[in-house]
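J.:
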Amino acid sequence: MALGVGAGLGSIGAGIGIGFIFGKEIESVARQPEMKSELESIRWLGFALTEAVAFYTFIFGLIAFFLS
Numbered sequence: 009m010a011l012g013v014g015a016g017l018g019s020i021g022a023g024i025g026i027g028f029i030f031g032k033e034i035e036s037v038a039r040q041p042e043m044k045s046e047l048e049s050i051r052w053l054g055f056a057l058t059e060a061v062a063f064y065t066f067i068f069g070l071i072a073f074f075l076s
């Protein structure tokens with residue numbers, strides 16, 4: 009049960025992080041449209057790193073579930 013809660017919290021945290029990443033990128037492009045291409049590359053890097061945390065949490069939860 010505790011493993012499921014931990015995996016869920018990890019996924020929720022990643023979802024919140026992704027929301028912040030895209031929200032702040034939209035604000036940044038609204039302020040400086042000429043920086044759009046540079047901000048997009050930074051956004052995708054942040055998205056990938058944040059999503060990796062959720063993926064690792066999911067994999068860890070599956071491993072712990074099947075090994076216990």
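Sequential numbering of the sequence shown, starting at 9, is according to this note's numbering. Using N, Cα and C, we set each Cβ at its ideal position, and we do this for glycine too. As the structure is a computational prediction, the values presented were derived from the model and not from experiment.
Cβ atoms of T58 and I29: under 8 Å apart, would you say?
T.: yes
J.: Relative to the alpha-carbon of I24, which residue among E42, L75, V61 has its alpha-carbon at the smallest distance?
T.: V61
J.: Helix, strand or coil: how does DSSP classify S49 here?
T.: helix
J.: Check each candidate in F73, I67, A38 and name the one with the smallest Cα separation from S19.
T.: Among F73, I67, A38, the Cα nearest to that of S19 is on I67.
J.: Assuming the contact rule is C-beta atoms closer than 8 Å, L17 and A72 should be a hit. Round their C-beta distance to whole Å, please.
T.: The Cβ separation is near 14 Å, so there is no contact.
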